[in-house]
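Scroll down for the structure; my scribbles are underneath it.
There are 2 protein chains.
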Amino acid sequence: MAQTSIRSHDIPRMSDVATAAGVSLGTVSNALNHPDRVHPDTLQRIRQVIDDLGFVRNATAQSLAAGSSTVVGFIALNLANTIFLDMSAGAEAVAAKSGYSILLANSGMDVERQSTYLDLFRQLPAAGLLFAPMPHLLSGMEQIRQRGQPIVLLNASPPAANQCAVLANDEHGGYMAARHLLEQGCRRLAFAGYIDSWPPLQQRYLGAVRAVSETAGAVQLELIPTHEVRVEDGVAIGQRILDRKPERRPDGIIAGADLVANGIIGAVMTSSALRFPHDIAIIGYDDNRSSWNALIPLSTMAQPGLEMGRAAAELLIEEMTQADSHVHRQVMLEPHLVVRDSSRRR
Amino acid sequence: MAQTSIRSHDIPRMSDVATAAGVSLGTVSNALNHPDRVHPDTLQRIRQVIDDLGFVRNATAQSLAAGSSTVVGFIALNLANTIFLDMSAGAEAVAAKSGYSILLANSGMDVERQSTYLDLFRQLPAAGLLFAPMPHLLSGMEQIRQRGQPIVLLNASPPAANQCAVLANDEHGGYMAARHLLEQGCRRLAFAGYIDSWPPLQQRYLGAVRAVSETAGAVQLELIPTHEVRVEDGVAIGQRILDRKPERRPDGIIAGADLVANGIIGAVMTSSALRFPHDIAIIGYDDNRSSWNALIPLSTMAQPGLEMGRAAAELLIEEMTQADSHVHRQVMLEPHLVVRDSSRRR
DNA sequence: TTGAAAGCGTTACCAA
DNA sequence: TTGGTAACGCTTTCAA
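Read top to bottom, the protein sequences are chains A and B. The numbering used here applies: residue 3 is where the first sequence begins, and numbers increase by one. The numbering used here applies: residue 3 is where the second sequence begins, and numbers increase by one.
Okay, here's the thing in structure tokens:
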């Protein structure tokens with residue numbers, strides 16, 4: 003286990019500042035933390051010395067002595083998905099206002115890395131944690147919470163009610179997506195995504211089911227399961243659709259994620275005369291930036307990533323700073339419909 | 003400035019372990035750091051107690067006492083660009099082997115955020131820093147290095163030779179891209195990108211110039227400057243190209259970045275009968291994942307992101323662990339050509 | 001308003 | 001192989 007010496011050079015410490023300014027250590031500390039408690043003249047002198055010496059206070063020692071920290075960890079499920087970057091941006095903005103810094107860790111949908119970073123932030127210890135976990139893989143979280151480190155979940159329901167979380171209303175998102183397609187005149191809907199073990203996708207599907215059920219049988223909804231939610235999965239589905247007889251093809255597709263939608267579009271367009279949106283209208287989910295460039299601009303349910311990050315940071319900060327009065331709660335934010343060419347028929 | 007109390011609950015400390023195991027504090031420390039120096043029986047007893055109590059050693063105190071840290075910071079220029087995520091993945095893998103953890107910070111091409119994170123890692127202090135900076139904005143870096151915190155630059159040349167850096171060979175990349183188009187039969191090349199203040203793009207352009215100059219006048223190369231390197235810039239260029247008389251249009255385009263290429267393709271395709279690659283062959287740069295989904299698969303110069311991250315981490319670890327024998331050096335890695343449909347004519 | 005001194009939780013040294 | 005103890009650099013009482 004490598005450990006790196008941090009100070010090979012001579013770094014000025016607070017005691018050096020004290021000596022140079024002709025005051026005691028405690029006074030320098032006060033000058034930094036409670037400027038009002040120190041005489042203006044002294045204050046100015048100390049500040050001058052700090053500048054001259056280039057003194058920077060050691061956050062590690064500060065944390066240890068104060069028993070507190072300003073570092074907040076953000077463990078993201080997959081930073082390649084821009085939604086998590088949006089969340090981190092929102093959280094960062096809110097945290098900065100209260101003097102906290104956010105450090106990112108990318109679990110990359112890998113169980114081991116997720117628990118490695120969980121450990122890291124526990125040991126550090128970080129003041130708190132923003133955690134977008136793998137579905138159903140919350141192990142290790144309780145140990146952190148027992149140490150008094152608050153955790154706010156993103157995009158996942160807490161196992162018990164005694165914890166904060168920020169969620170997107172996936173059921174309603176699925177509902178809105180389906181409603182939109184119905185309004186475009188679609189009558190044979192399909193939902194593409196894997197819904198077995200991923201609650202958010204499950205919810206989106208259920209929302210679509212609800213929208214369709216309101217048509218009292220006038221519309222069909224078929225579930226086309228995928229293995230994952232990647233472009234390849236969409237391509238496979240696109241090919242399967244092409245293989246069907248025309249009358250058996252869906253005329254409206256809700257993809258569980260933008261990437262899947264992109265795959266479907268790509269596969270369907272390359273080898274057929276089917277056209278979007280007139281033969282098939284399609285809508286994705288996430289508003290992933292990578293779809294903005296697509297040749298057929300993709301309609302989508304935009305996740306409120308920025309807002310989710312903001313809300314999560316606010317909850318976390320409240321829990322960190324007012325642990326006693328804080329009441330755990332779950333915030334649910336609404337996605338919104340973004341209509342682009344892939345589904346606009348009228 | 004909010005500071006959060008870390009231990010609201012009763013967290014077991016090393017002294018608790020010592021008491022429970024009936025040994026001294028130093029022995030517990032040894033059991034953790036130098037197991038060979040402690041009697042097997044004692045070792046086992048201590049480990050048992052650690053398990054029972056759920057003891058986790060406080061990395062802050064450890065850093066302070068040992069004067070060292072295992073945290074390495076990675077300040078990324080723009081995590082929305084998957085190349086930086088690749089770099090971080092490469093660095094993470096290498097760092098983990100030596101017991102270091104990498105924490106990410108996204109400057110998002112914002113000067114203020116960049117210097118905020120620079121400060122954060124300096125104060126922490128982190129054992130070292132991987133730094134993909136804004137072009138020409140290395141301010142604040144010297145202060146860190148003076149404190150003995152090593153920094154390895156990514157995608158940027160150090161201001162002086164006394165520092166490690168990992169670069170991609172952009173000149174050669176530009177050269178290869180141009181050569182490829184020439185081999186496809188293109189005779190009127192254009193380079194799209196803004197080359198004023200961004201050295202990498204400058205180099206790519208110069209590489210293209212070199213390739214063209216080797217044709218002894220048989221081929222023209224035109225520079226189409228952009229404001230930035232985003233999709234919108236590409237769209238604007240695409241439209242300008244459409245406005246030209248056919249004989250004045252380029253038949254081969256080197257885009258400074260994939261996003262620009264996507265924009266050009268989108269603009270050109272929507273409103274014209276021009277076809278890729280037969281009327282215009284186009285190649286991008288970066289191998290950004292967001293281009294993998296494009297309807298016309300984009301040829302590109304793939305940046306060796308993973309390798310760059312690995313190399314950078316190796317340099318950093320060497321500098322951290324063997325400061326005296328370490329020799330600063332700059333590593334240059336080669337991009338490679340990825341030919342897809344957007345430029346394949348034969 | 002300032003100074004002195006006791007921690008914070010660990011490491012590392014020196015004796016035993 | 002173990003125990004005792006002085007750091008590490010800072011915050012925070014409590015007196016002066």
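We put the beta carbon where it would ideally sit given N, CA and C, even for glycine.
Closest to residue i by C-alpha separation, out of the options, would be which residue?
i       : options                               : result
G175(A) : I285(A), D53(A) and I104(A)           : I285(A)
F123(A) : M136(A), P152(A), A98(A) and G254(A)  : P152(A)
N35(A)  : L79(A), A22(A), R49(A) and G24(A)     : R49(A)
G209(A) : A180(A), D198(A) and A128(A)          : A180(A)
Q241(B) : I267(B), L223(B) and D253(B)          : I267(B)
V25(B)  : E249(B), L156(B) and V40(B)           : V40(B)
T21(B)  : F57(B), P42(B) and D38(B)             : F57(B)
D343(A) : P337(A), N171(A), D281(A) and R59(A)  : D281(A)
G258(B) : H330(B), V221(B), I298(B) and D172(B) : D172(B)
E224(B) : S90(B), R190(B) and M303(B)           : R190(B)
S70(A)  : H138(A), G101(A) and V51(A)           : G101(A)
Q204(B) : A304(B), L183(B) and Y177(B)          : Y177(B)
R212(A) : S199(A), V237(A), L184(A) and N32(A)  : L184(A)
R59(B)  : V270(A), Q125(A), L335(A) and S65(A)  : Q125(A)
Y2(A)   : E249(A), P127(A), A107(A) and E230(A) : Lying before the first or after the last residue shown, residue 2(A) is absent from chain A, which here runs from 3 to 348.
I360(A) : E321(A), P127(A) and A263(A)          : Not covered by the structure: residue 360(A). The range shown for chain A is 3 to 348.
R115(B) : L87(A), E114(A) and S103(A)           : S103(A)
D288(B) : R232(B), V214(B) and V51(B)           : R232(B)
P248(B) : R277(B), A238(B) and V221(B)          : R277(B)
So what's residue i in DSSP terms, helix, strand or just coil?
i       : result
S70(B)  : strand
Q165(B) : coil
A22(B)  : helix
S109(B) : coil
F76(B)  : strand
L81(B)  : coil
S10(B)  : Low confidence applies here, because S10(B) scores a pLDDT of 45, under 50, leaving its location unreliable and the question unanswered by this model.
A2(A)   : Summary: the structure shown does not reach residue 2(A), with chain A confined to residues 3 through 348, and so no result is reported for it.
R347(A) : coil
S103(A) : strand
N60(B)  : coil
E185(B) : helix
H328(B) : coil
L318(B) : helix
I298(A) : coil
R277(B) : coil
R15(A)  : coil
T118(B) : helix
R206(A) : helix
P201(A) : helix
R312(A) : helix
R232(B) : coil
L87(B)  : helix
Tell me the residue span of the alpha helix (DSSP H) that contains residue i.
i       : result
I266(A) : D260 to T272
M136(A) : Unbroken run through M136(A): none, as it is neither H nor E.
T217(B) : Counting along the chain, T217(B) falls outside any alpha helix (DSSP H), and DSSP gives it neither H nor E.
E249(B) : No alpha helix (DSSP H) holds E249(B); DSSP gives it neither H nor E.
I42(B)  : Correcting the residue identity first, residue 42(B) is Pro in this sequence and not Ile. Start and end: P42 to L55.
L34(B)  : L27 to N35
R147(A) : M143 to Q148
The beta strand (DSSP E) spanning residue i covers which residue range?
i       : result
Y287(B) : A283 to D288
T351(B) : Residue 351(B) is absent from the structure shown; chain B starts at 3 and stops at 348.
Among all the DSSP beta bridges, which residues are the ones paired with residue i?
i       : result
M334(A) : L169(A)
R190(A) : Q222(A)
A257(A) : A194(A)
L339(A) : M303(A)
I153(B) : L131(B)
Contact set between the stretch 81–110 of chain B and chain A, restricted to residues whose Cβ is under 9 Å from the partner: L81, A82, T84, L87, S90, A91, E94, A98, S100, G101, Y102, S103, I104, L105, L106, A107, N108 and G110
Members of the stretch 38–65 of chain A near chain B, C-beta cut-off 9 Å: G56, V58, R59, N60, A61, T62, A63, Q64 and S65
Against chain A: residues of the stretch 113–136 of chain B by CB proximity under 7 Å: L122, R124, Q125, L126, P127, A129 and G130
The stretch 233–255 of chain B: positions lying closer than 9 Å to chain A by Cβ: V233 and G236
Near-chain A residues of the stretch 263–278 of chain B - C-beta to any C-beta below 9 Å: N264, G265, I267, G268, M271 and T272
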